[in-house]
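S.K.: The sequence shown begins at 284 in the working numbering and counts up one residue at a time.
Glycine is no exception: its CB is placed at the ideal position from the N, C-alpha and C atoms.
Because the structure is a prediction, the values reported are computed rather than measured.
One structure coming up, written as C-alpha cells, with questions to follow.
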Amino acid sequence: MNIDKILVATTNKGKLKEFKRLFSELGIEILSLDDMPEKITVEETGETFLENAIQKARTYALHYKLPTIAEDAGLEIDALVGYPGVYSARFYELEEFGGKELVEESKDKANIKKVLRLMEGVENRKARFVSVVVFYMPRDFGLWTEGYCYGEITEKPVGEGGFGYDPIFKPEGYGKTMAQMTPEEKNAISHRGEAVRKLINLLKKVIS
Ligand code: ITT
C-alpha cells in the first residue's frame, strides 16, 4: 500500500510539534490542520480516550479524504480517582472537584492551578499520562496504539518547556519535570512517544 501524505489532526500546537518530530523518521509528508482549506470542529463526547481518538480521526479523515492520525491524551491522578482523565483539556471548567477555575493567563495554567489546589497536602501524588493514537485510512483500515508515562505530581510548577500539565509532572526516575526536559528527552519517555513508536512499527508493515 502506498501512503504519501498523512494528516496529523490536532488543534493543540504543543502536541503538533511533538508529533512532527516523532513522525520525521517515517519519511512521509506530514500535513497539519493549518494546511487544510477550511476548518471543522469535532466534539469530544466519548467516555474513553479511545472513543474520542476514533471520533476525531474518523471525522477528519472522511472530511478531508486523507489518511489521518488523531490522539486523545490526558493525565490520570490516583488521588483524584483517575481525573482529569478524558477531561484533561478542560478540567478547569468542570463544576466537579471544587468548582470552576478562572482562566487568567491560559487554560493550561488554570488546569494546573485546579490540580494543585486539589492536591494540596495529599500524600499519594502518583499519576500517569495516557496517549491513545488512532490512524484512520478512509474506507480502508484503522490502527490504534497506546502509551503511558508514570510519575508524580509536584508541589508547584517548574520549567518552561512542553505544554499542558508538563510543569507539574515529574516522570518516575527523573529529578525534573517534563517541562524541564528537551523535546528529544520528553519524546523518548513520554506516553505520546511510546504510542507513536508503536504506530510507526505497525505502519511500516503496511506501507510499501
Ligand atoms: P486535540 O484534541 O485537538 O488533539 P486537545 O488539547 O484538546 O487537542 P486532548 O483532547 O487529547 O487534546 O486533551 C489532552 C489534554 O491533556 C491537553 O490539553 C493537556 O492539558 C493534557 N496533556 C496531554 N498530553 C500532554 C503532555 O504530553 N504534556 C502535558 N499535558 C498533556
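Anyone know if the C-beta pair for Leu358 and Pro367 falls short of 8 Å?
M.R.: Yes, they are a contact pair.
S.K.: With respect to 7 Å, is the separation between the Cβ of Ser473 and the closest non-hydrogen atom of the ligand ITT below this value?
M.R.: Checking every heavy atom of the ligand ITT against the Cβ of Ser473, one is found closer than 7 Å.
S.K.: Within 7 Å: the Cβ of Thr294 and any heavy atom of the ligand ITT?
M.R.: Indeed, a heavy atom of the ligand ITT lies less than 7 Å from the Cβ.
S.K.: Return yes when at least one heavy atom of the ligand ITT lies under 7 Å from the C-beta of Asp449, else no.
M.R.: Within the cutoff, so yes.
S.K.: I need the straight-line Cα distance from Tyr419 to Ile352, nearest angstrom please.
M.R.: Roughly 6 Å between the two C-alpha positions.
S.K.: List the residues that DSSP assigns as beta-bridge partners of Arg411.
M.R.: Note: Arg411 sits in a beta bridge opposite Glu359, Tyr433.
S.K.: Cβ of Gly297 within 8 Å of Cβ of Gly447?
M.R.: Going by C-beta atoms, Gly297 is nearer than 8 Å to Gly447.
S.K.: With a threshold of 16 other CB atoms inside 10 Å of the CB of Met461, please say whether the residue is buried or exposed.
M.R.: So Met461 ends up on the buried side.
S.K.: Looking at the secondary structure, which residues open and close the alpha helix (DSSP H) in which Ile289 lies?
M.R.: Unbroken run through Ile289 is the beta strand (DSSP E), 288-291; no alpha helix (DSSP H).
S.K.: Going by C-alpha to C-alpha distance, which of Glu312, Lys348, Glu354, Asp318 sits closest to Phe332?
M.R.: Phe332 has its Cα closest to that of Glu354, out of Glu312, Lys348, Glu354, Asp318.
S.K.: In the DSSP assignment, the beta strand (DSSP E) including Ile493 goes from what residue to what residue?
M.R.: The requested residue 493 is not part of the displayed model; the chain covers only 284 to 491.
S.K.: Within the continuous alpha helix (DSSP H) that includes Ile472, where are the two ends?
M.R.: Element bounds for Ile472: 466-472.
S.K.: For a test of the three-state rule: what should DSSP assign to Thr342, helix, strand or coil?
M.R.: Of the three classes helix, strand and coil, the one that applies to Thr342 here is helix, per DSSP.
S.K.: Which residue marks the beginning of the alpha helix (DSSP H) containing Ile522, and which one marks its end?
M.R.: Residue numbering for the chain in the displayed model covers 284 to 491; residue 522 lies beyond these limits and cannot be assessed.
S.K.: Could you tell me the distance, in whole angstroms, from the CA atom of Gly458 to the CA atom of Arg400?
M.R.: Computed Cα separation, rounded: 23 Å.
S.K.: Within the chosen definition, does the stretch 474-489 reach the stretch 416-434 through at least 3 CB pairs nearer than 8 Å?
M.R.: Flag = yes, the stretch 474-489 and the stretch 416-434 touch.
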